[in-house]
Amino acid sequence: MAEVVIVRDRAEAGALVADSIAALIRTRPDAVLGLATGSTPLPVYEALREKLAGVDLSQVRGFALDEYVGLPLEHHESYASVISREVVEPLGLDPQRIQTPPAHDDDLEGAGARYEAAIREAGGIDVQILGIGTDGHIGFNEPGSSFASRTRVKTLTAQTREDNARFFDSIDEVPRHCLTQGLGTILEAGHLVLLAFGEGKAEAVAGAVEGALSASLPGSAIQLHPHVTVVVDEAAASKLKFADYYRESYDNKPDWQGI
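Here's what the structure looks like:
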């Protein structure tokens, strides 16, 4: 079962996860981070600015979960731009060591395999940050995605496009396709950290953590991983059957030093 940590708010979640990542980097200066985009991981990236102040980050590598197909790299909402703006520049990472899926390659069919080769060459991802969609998707692995899927082109569902429309001037501007790490790819990371906030994520969180394994809810794939931490606020935890157990388990760890 995943370790579930219920926190007061986004700031507490961000500080908690950032502490763990900072400890990893201090121990392993060449750590490989799996970077998610969207609003969910922002508290983590914000907290890391303080936690990693003065730490040598020149050897840290990072791989983004996904990238839009058909959106220019220089577009404000391309994930290459988002990662640069929210992670690379604020933390002072080496931009040459941070990659997003090559969704703009001429050979798009082989782009996924090349991205996975780059991850393997880096030694694999040590800690993968994840969010979860209201329909249970992680990365852009929409319902119906195979648990063994690899990095590939996917068509975005209407729900996902609607959810992401808040970042664009209109839903018509939201791309219809993406290049995303597959569920099988994600499950190869050393540690998965899934964050979720708000009542709108409660049903997806409950299904991912306590529901049946099902391709209809891609987030349930985390149950197959030996080291998963789910960090949620009270609203996102509101449909968890064992919420009291998770709270008690966490509260009874006075020497708990991280995730």
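Quick note: the sequence shown uses our numbering, first residue 70, plus one each step.
Backbone N, C-alpha and C define an ideal beta-carbon position, used for all residues, glycine too.
query	result
Distance CB(Ile90)-CB(Leu134) smaller than 9 Å	no
Simplified DSSP state of Gln228, which is helix, strand or coil	helix
Alpha helix (DSSP H) segment containing Leu126, residue limits	Careful: Leu126 lies outside any alpha helix (DSSP H) and carries neither H nor E.
Start-end ranges of the beta strand (DSSP E) lying completely within the segment 168-214, minimum 3 residues	196-199
Rounded straight-line distance, which links the Cα of Arg183 to that of Val74	35 Å
Selection from Asp195, Val129, Asn210, Asp204 that minimises the alpha carbon distance to Glu136	Asn210
Beta-carbon proximity list for Ala284, same chain, < 8 Å, skipping 5 on both sides	Pro212, Gly213, Ser214, Ser215, Phe216
CB contact flag (Gln292, Ala71, <9 Å)	yes
Within the segment 274-316, ranges of the beta strand (DSSP E) (whole runs, at least 3 residues)	297-302
Buried or exposed by the 16-neighbour rule on C-beta atoms within 10 Å, applied to Lys310	exposed
Distance, Asp176 Cα to Ser147 Cα	19 Å
Nearest-angstrom beta carbon gap, Leu104 and Gly83 [assumed within contact, 8 Å]	The pair is not a contact, with the Cβ atoms about 14 Å apart (cut-off 8 Å).
Distance between Leu140 and Trp325 (C-alpha atoms, nearest Å)	Residue confidence is low: Trp325 scores 42 on pLDDT, short of 50, so the model does not pin down where it sits. Its coordinate-derived value is still stated next. Answer to the nearest angstrom: the Cα atoms are 43 Å apart.
Neighbour-count burial assignment, Thr220, 16 or more Cβ in a 10 Å radius	buried
Opposing strand residues paired with Ala149 [DSSP bridges]	Paired residues: none, contrary to the question.
Bounding residues of the beta strand (DSSP E) (the contiguous stretch that carries Gly103)	101-104
Leu117, DSSP secondary structure in three states	helix
Three-pair Cβ contact test at 8 Å for the segment 189-203 versus the segment 241-257	yes
Thr254: first and last residue of the uninterrupted beta strand (DSSP E) it sits in	Careful: Thr254 lies outside any beta strand (DSSP E), inside the alpha helix (DSSP H) at 252-255.
C-beta contact flag for Val274 and Ala265 at 9 Å	yes
Check whether Ser153 and Pro164 have beta carbons under 9 Å apart	yes
Where Arg95 falls, given that 16 or more other Cβ within 10 Å makes a residue buried	exposed
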